[in-house]
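In this note's numbering, the protein residues as written are 7 to 510.
Glycine included, each C-beta is placed from N, C-alpha and C at the ideal position.
Just so we're clear, the structure is a prediction, and the values are computed from it rather than from any experiment.
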Ligand SMILES: [Zn+2]
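Spelled out as structure tokens, the structure:
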């Protein structure tokens with residue numbers, strides 16, 4: 007059997023201050039770059055796994071970019087056509103039995119709400135007989151078009167997203183069976199007007215993931231996915247969802263999707279949406295006796311489209327004369343450049359942060375000691391495995407003298423995944439009283455020990471600073487989403503809506 011593996015990934019935020027062009031994307035191809043560069047979101051994993059199962063692997067491109075505004079129409083057309091042209095080339099040299107696409111599920115472009123649905127439709131037209139599978143991020147806003155065009159749509163189920171390899175392992179045998187005609191996939195999807203942040207490292211989602219993972223092993227069930235949805239996408243299909251695929255049993259698929267959606271609603275209702283504001287969060291952190299305490303500045307998470315240059319937390323730390331604290335990653339390429347020009351050990355006046363947009367707060371004028379400049383620092387994607395994710399040029403500065411506030415700034419906008427953001431710059435995170443990380447939840451695999459490793463954090467505080475990723479969804483200028491929506495409108499009774507999936 008021949009399998010074509012490719013992908014495009016972008017989580018598009020209608021509220022991001024960062025534009026998205028073709029230059030925003032990085033493209034790799036399995037077999038043409040070091041294998042490690044293709045790992046993390048299931049693409050390299052699927053290629054290697056398929057090869058190990060004896061499949062003939064044709065690798066197309068995988069392109070990905072940091073979350074930001076919907077891409078320009080021309081950028082999307084180029085990325086989309088890259089995947090489609092790769093498939094066309096593969097078909098020119100022989101039949102393709104399986105198409106395995108690594109997508110996000112919340113990708114938008116100018117004039118296109120549902121990039122994944124459009125791409126899957128083109129792939130279906132080109133290879134109507136192939137078994138088509140799509141591996142998504144659980145922050146997908148799943149659409150009817152995606153479920154109509156693909157045979158199997160599966161999302162990662164852990165947040166932090168550490169299970170792409172496991173999902174790929176589950177998908178490939180199912181896709182092989184579909185291609186052989188041994189299995190006839192039937193999918194049901196239900197949508198809930200309840201997007202949100204649902205960490206799977208703690209109850210109640212910890213228990214719910216276990217529950218629907220068990221449900222997947224019921225007779226006749228091929229796959230179960232629970233999508234949290236991505237609240238930054240301002241279009242009518244934004245929301246969370248449950249997707250169930252069975253072997254030729256549409257009633258079972260529908261009943262299980264509704265059953266699990268009902269259970270997911272209980273989870274949604276039982277969690278609180280809001281965390282403390284900046285002063286309250288810092289009070290809590292500095293009052294805690296153990297160390298380190300991790301304060302998550304989740305509203306400025308680059309992984310959801312924020313600039314990662316906001317200064318709300320840092321301004322408060324400076325105003326308090328805080329000691330024994332380190333903050334990462336402040337995205338400020340200009341300040342990084344100045345630090346590199348000044349060099350290690352320099353003491354310089356510097357204006358940092360607060361540049362990208364109104365959600366960034368005020369730029370801060372500080373007097374800084376440059377403590378470390380690097381051009382090769384990396385961190386571990388999702389806090390998993392070796393540090394391979396490049397920070398670009400980076401610089402650590404110290405404010406307030408020894409024992410004061412260390413700030414790590416970098417050039418390639420990204421959230422904090424792992425402790426390397428600190429340790430690569432000579433900052434021992436274990437020794438600090440308070441660590442501020444710009445991230446919502448992915449930091450938890452390393453700092454919180456969610457991946458089975460040692461927990462670094464003695465305590466975690468999730469802080470609600472102002473910002474692009476504010477959990478106060480009612481404050482965002484939505485225009486096109488369906489209403490009412492949990493977290494935005496007063497909702498007494500949340501509905502479960504069956505998605506219509508037209509037969510092919
Ligand atoms: Zn995600």
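Residue state for residue 279 is assigned as coil, using DSSP reduced to three classes.
Residues lining ligand 1 by the Cβ criterion, that is a Cβ closer than 7 Å to any of its heavy atoms, are 17, 143, 144, 145, 165, 167 in chain order. Cβ-Cβ distances below 6 Å link residue 221 to 230 in the same chain, with the five nearest sequence neighbours on each side left out; the list follows chain order. With a cutoff of 8 Å on beta-carbon distance, residue 431 and residue 386 are scored as not near each other. At the C-beta level, residue 270 and residue 214 come within 8 Å of one another. Annotation: the continuous beta strand (DSSP E) that includes residue 415 extends over 411-416. Distance between residue 69 and residue 438, taken at the CA atoms: about 37 Å.
In the displayed model, residue 503 falls within a strand according to three-state DSSP.
According to the DSSP assignment, residue 403 belongs to the beta strand (DSSP E) that extends over 400-405. Residue 148 and residue 195 do touch by the CB rule: their CB atoms are close to 6 Å apart, below 8 Å. The continuous beta strand (DSSP E) containing residue 373 extends over residues 370-380. Counting C-beta pairs closer than 8 Å gives three or more between the region 110-127 and the region 14-21, which meets the contact rule. With a threshold of 16 other beta carbon atoms within 10 Å, residue 37 falls short and is exposed.
Judged by their CB atoms, residue 199 and residue 462 are not nearer to each other than the 8 Å cut-off.
Secondary-structure assignment with DSSP links residue 302 through a beta bridge to 443, 468.
According to the DSSP assignment, residue 253 belongs to the beta strand (DSSP E) that extends over 246-253. As summarised for the region 106-158, the continuous beta strand (DSSP E) elements at least 3 residues long and confined to that stretch are 137-142, given in chain order. Judged by DSSP secondary structure, residue 172 falls outside any beta strand (DSSP E) and instead within the alpha helix (DSSP H) spanning 170-186. Going by beta carbons, residue 303 and residue 469 fall inside the 8 Å limit.
Between the beta-carbon of residue 284 and that of residue 319 there is about 6 Å, and that keeps the pair under the 8 Å contact cut.
Residues of the same chain with a CB within less than 8 Å of the CB of residue 309, apart from the 5 flanking positions on each side, are 17, 72, 73, 420, 421, 445, 446, 448 in chain order.
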